[in-house]
């Protein structure tokens, strides 16, 4: 099967779904599920099968190329799998919503666009797919209207700034080397001057940094994650945002080449060091902001930013260990953040739209599957041993310590300990504690929601105990980029200083867990009691008023709020004011449609192209 | 060695930990001008708790406490007790993460009990953990950077060759910082915030009774053991005694003696800690955080900077 | 947003006495506190209407378990005023010494409670030990550890035993000798100051408005002390100081208590020095079973260890009181001042503030 | 120098003032005058409400409300400024329709006292923000502090009627 | 520790452990509380015998009821007693819980406590001295040895009656029955 057919199915499927929705709801749902499962099958058949094909010859004199290699496959399989799970989940979640045709169409279109991005062998295809993805995402973020529209506009404005940068980069590359084919470029760029490389890296870093929400460029993300429909939030956080990481990988290792990247700058100021520090900042600050959030999805959104920092930190060092950690973490993060979003979605579904952490509680007996998802999800997010998050974080920490960057390691570890606090609050306020009276008879979680949660929960444990499964694929990516492969087996890393063997720990935990559990069982059985039979200093429990949720870490809030508030409020306000200023000015010239913003940008780009063609300054 | 250690080291830790709990009660009693309970009192308490019929708030309530105890036992396997260790994979990072399982399990269990006192206690516990983790991470990173390894066993072995880490000037600063945060790790008096009985009715364990309480006591004993043992392992050279045992090398006696020396060092550390804790009231949580983020963090940071510059 | 109601007491280790505070909490801050007394309500004032004038002594001391002696004193004073009985000179001194001993014991109990509340076990144990030494003196004097029933209308039940004053002085020296230790480990401990300073502030204006008395008022700079304003017994015979503090927080209240305790010890020394060597200690009263007291009403007051203690008593000319109403200092402190002082404070400081206001539950409930 | 008694007599009508004791002033007044008298005294420096009490004169069919105010004299102040240290104001209200005005606007700390009076004597204080039970949890048909409430009888009828466990078991057989 | 002790420990460790590890839950139900602090602190040091106060009833096995019991307090006592895990022992302090003591005619204090919850031992006196607490505890040891400290068993067996008494006093209780109560079995007194 060739790559064109894959893409044809992906794009065609999106349209097919849309039009079948006009005929019947069931047909559309069936088509969406079948097509997304079909793409999973097709992509998985490409395992270890490198492929390349020319999609279209002579687009503005360039050929559009598709190629499948290990990196592309790794991302492609993740994209289509998560997409399939989210489509299945949507069947139940979106049941009572309007405009479902539009929703499924956009979801599948985004899937196809992402697939095109990872499969594209040249920068033009890359750019076109990137644009399709961005616009479709914008439309889907704004699905809920009102606040969502604001979030969408925030997203698209930043996205367009990113695209603009990328276009500049692509144009300058084209003028310099007369080709946009990635594999050809990687050979030619070695000859370029250091300054040019740095320029290229920075311009692309802005693009991918915006997409991956690296710290100063992250402002679009919290709102977008919070406002979009929850299954799409999952896709957005799981894979779409991580297209930034893919971009970094392609530009750093695929085009510029790691050896030349590492030579850029020296001492304290170098490209990789800066990137690593940005990553570290991206870990620490959002993690602590997440602690202040009261909206379940917003809390996860801030973690989405924070976890992105680990990936950047991993790949910035350009060692095989760090690379493995960074790429593996991309996958792991996708698994648990998708799981967490789906879990929140289930709560939202059952409680008819409540996701305020201050007003829920005690749902774990009512929705055990969603709770399982939430519990394993936060375990992965923290990186509790035996969950997947641990392995990738371990790889990253180890890279940092062995590369003699203890302060970066400190930032990364501190981020983890901040994560514990906020995600524990998440779990506690949603699922544990006292259940409110009105939630005692909530809707059951439908099967279509349970299945993806169970699958992802299983994946968390599986990759946690057998990290060798994905690490072997990642090893082949490492090899493709010219690194020495890691010595991995099924259970972990074998022959590095300080080995990791999850089997040992798994066995130890199982054995001792069995012993402890055995002792627990043979000692006197405990009586099961109601939540109202509880210690309250001798009084009867006040119903609905005996759950500690509001300002869970109140002393800490009081301590930290002044610091976090000042810095970030100022930053936000500045960004917002600048945005307002920009928009106001545009509004003066144009009538105020969203499309006009784009017009403006297109004109600007045309201007840049003109300058480039005339004087070739870039 | 490994198989022996797998069985022996949790037992040693459990017994020593409970003994330490009893010892600390005895010593504080003497500071109060009292006679105090027998040293084996915690054993009786655990036995009594086991024989009581507790209540449970559901399976997750049970799961939390089991996870907590299991995690702490597995944590002990990573600790070299003298020359005795069972597991050595993942290094100190793994150790740090496993240290989390104990409080995390208690937290899950306490939250499943649906008691706000528990929840407040847990929130305090996590905040305190965050507060002391900051200096602790700096300290451990300084050690790891100095020895350029992440393996705990290698650290102990390298110390055996050179004497105590705390006698080398680079690591004496992190050592001091560790000693400052040790009461916080052990939950001793100025930092006895989590289970402050007079404030939040013993916090996370407010709903624990019977076997749950017994499990918690065992976990607490192990936690106490681990907190002190980590200090002894990283800074006081584990079971070695300035090479005095070299003459006996190769015999079984070395292993046994090393364990004894290790435990003796631990008792010494405990004693000093207890004398500090007897003359302080407990902090408010934000005061504890401010303290921990001030001096210990500063000292640990200086230590890490020095180590990082030298490497 | 879900409200949280926390119950602080009655079954709570941080609650000294059977009292309950319902806290509405946001984060760890108290939004609203409402005191919930009555767990110890026995209807004393009703019961006393059904017993004769002398039978009421066992009841009256049980109103305040921490410091029963001032309760006896106020009741005796009330009866004396209604019946027009005078106390002999030596009896006055014995009464004053007895009451100051009770004040020291009560303040030591307060120190125990305060130290215990902050997890300050060592000091708590010391304070309780020293209080026990004083209770031994009480036992020698009256035959009981806690409820002494030593006072009676017209004086005291019996004179001091031989050598009692020497042993009392010795005991007080023993306790006083530990004051530097207390200062070093407790009152001037930097950590303790961090906990107690700027907590539960009741400034002078608020204190006056809410009718605070005793050390709560002394901590705001008001030297309001009945022993000075309306001297009873032998207090006008000796000179003593009223120690005040300015800030009105928990720490200054505690220091006011400490200073008062030390001053009390000095007062006992002065009283012993000045006491007439010989003399009656009690005026003769009629047969208690036939004793009737002329009709009328009286309001008497004295300074207990927690502040102004008042008694309004009505007699209808019979053998039993017609109406008795105690005005106890904890009543205001526990029901009005405490609720205000707790607002906006952290839940870690509930016990801290409560003990610093020295709320004794049975006194409220009666 | 006009004494306080004369001043009060000139400013208020229908007061019966008794100053038999050196530092007490007992005032009997009409119930309408209580509020104005209290605020007058507060302005005159008697700014501390020591207590609010009540006596049940069952033979007369009256409740006698007693307000005791005194001056917050500080030890270092000159005592001559206040000629009487305590002032006791007594007023009688009907026992059948026991209601009165709250004095909380004048003295804030009257709140628990009035709550207690409400509970123990069944007097309604108009304008009081929370007349919820303070001490008692049980319902008593007659408020317990009234003279016609027989405690021993009540105890025998309530606690005495509750059988012991053995008796209950016997009853089953 | 004599040999008798050792054989007892071996025979029934749980029971022996209960004897030497009394975790006390108490609250000031009355005057008796004033002698608790002396008995757990320096002078008498109850911790010698393993007696220490704990915060919540869940962790306790000994309930000290320290003095007269008002009706409002009785509710809290029942609640606390029911939350204690079995085996649990109750010791009541002073004369008042036995028969009302000097408050025999008070409208707000109950006269005999054992109508509402089972009491394993009484320490008579007003007030009992701290020594009496220890004598009470040693007496409780003997009772435990003889299996006569069976208040919790009686409570379980006769729960219907206890509950009926409680409901007779309070009307409807705030919490559901601890043990299942069958309606027809309910006493008809």
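Chains as they are written, first to last, in the numbering used here: chain X, 24 to 641; chain Z, 14 to 324; chain C, 21 to 386; chain L, 1033 to 1205; chain R, 26 to 214. Idealized CB from N, CA, C, for every residue including glycine.
For the stretch 96-111 of chain R, the residues whose beta carbon sits under 7 Å from a beta carbon of chain L are, in order, 96 and 97. Residues of chain R whose Cβ lies closer than 9 Å to the Cβ of residue 556 of chain X are, in chain order, 107, 108, 200, 201 and 203. Taking 8 Å as the Cβ-Cβ cut-off, the stretch 281-300 of chain C has no residue approaching chain Z. By the CB criterion at 8 Å, residue 85 of chain Z and residue 283 of chain Z fall outside the cutoff. With 16 or more other Cβ atoms inside 10 Å of its own Cβ, residue 101 of chain Z counts as buried.
The C-beta of residue 561 of chain X comes closer than 8 Å to at least one C-beta of chain R. Under the DSSP definition of a beta bridge, residue 345 of chain C partners with C/332. Here residue 167 of chain C has 81 and 88 as same chain residues with Cβ atoms under 6 Å from its own Cβ, once five neighbours each way along the sequence are excluded.
In this structure, the alpha-carbon of residue 42 of chain C lies about 33 Å from that of residue 442 of chain X. Within chain L, no residue has its beta carbon less than 8 Å from that of residue 374 of chain C; the closest one is some 16 Å off. Nothing from the stretch 233-248 of chain C brings a Cβ to less than 7 Å from some Cβ of chain R. Rounded to whole angstroms, the gap between the alpha carbons of residue 436 of chain X and residue 366 of chain C is 31 Å. For residue 86 of chain R, the closest Cβ of chain C is not nearer than 8 Å. Of all residues in the stretch 60-92 of chain R, the ones placed with a Cβ closer than 9 Å to any Cβ belonging to chain X are 80, 81, 82 and 83, in chain order. Contact with chain C is found for residue 46 of chain Z, since one of that chain's Cβ atoms lies less than 8 Å from the residue's Cβ. C-alpha of residue 217 of chain C to C-alpha of residue 1142 of chain L: approximately 30 Å in a straight line.
If you draw a straight line from the Cα of residue 64 of chain C to the Cα of residue 157 of chain C, it comes to about 28 Å. Sequence-distant partners of residue 227 of chain C (beyond 5 residues in either direction) whose C-beta falls short of 8 Å from its own C-beta, in its chain, are 236, 237, 240, 242, 268 and 357. When the five nearest sequence neighbours on each side are left out, the beta carbons in the same chain lying within less than 6 Å of the beta carbon of residue 381 of chain X are those of 317, 572 and 573, in order along the chain. In this chain, the alpha helix (DSSP H) harbouring residue 421 of chain X covers 411-425.
Residue contact with chain R for residue 116 of chain Z: absent (no Cβ-Cβ distance below 8 Å to any residue of chain R). Per DSSP, reduced to three states, the secondary structure at residue 98 of chain Z is coil, with no helix or strand assignment. Restricting attention to Z/195, Z/202 and Z/205, the CA atom closest to the CA of residue 239 of chain Z is found in Z/195. In the structure shown, residue 218 of chain C adopts coil according to DSSP, grouped into three states. Contact annotation: the stretch 149-166 of chain X does not touch the stretch 209-226 of chain X, with fewer than three C-beta pairs closer than 8 Å. By alpha-carbon distance to residue 146 of chain X, the top candidate from X/205, X/180, X/307 and X/120 is X/205.
Residue 322 of chain C is bridged by DSSP to C/329. Residue 49 of chain X and residue 124 of chain X have their C-alpha atoms spaced approximately 11 Å apart. The residue from X/154, X/210, X/150 and X/575 with its alpha-carbon nearest to that of residue 194 of chain X is X/150.
Using a CB distance below 9 Å, the part of the stretch 31-46 of chain C facing chain X consists of 31, 32, 35, 40, 42, 44, 45 and 46, ordered along the chain.
Between residue 52 of chain R and chain C, the shortest Cβ-Cβ separation is below 8 Å. The continuous stretches of alpha helix (DSSP H) do not include residue 180 of chain C, and DSSP gives it neither H nor E. Residue 74 of chain X sits close to residue 90 of chain X, with the two beta carbons spaced by under 8 Å. For the stretch 250-280 of chain C, residues whose beta-carbon sits nearer than 8 Å to a beta-carbon of chain L comprise 250 and 262. Contacts with chain X (Cβ-Cβ distance below 9 Å) from the stretch 124-151 of chain C involve no residue at all. The C-alpha of residue 60 of chain Z is placed about 28 Å away from the C-alpha of residue 275 of chain Z.
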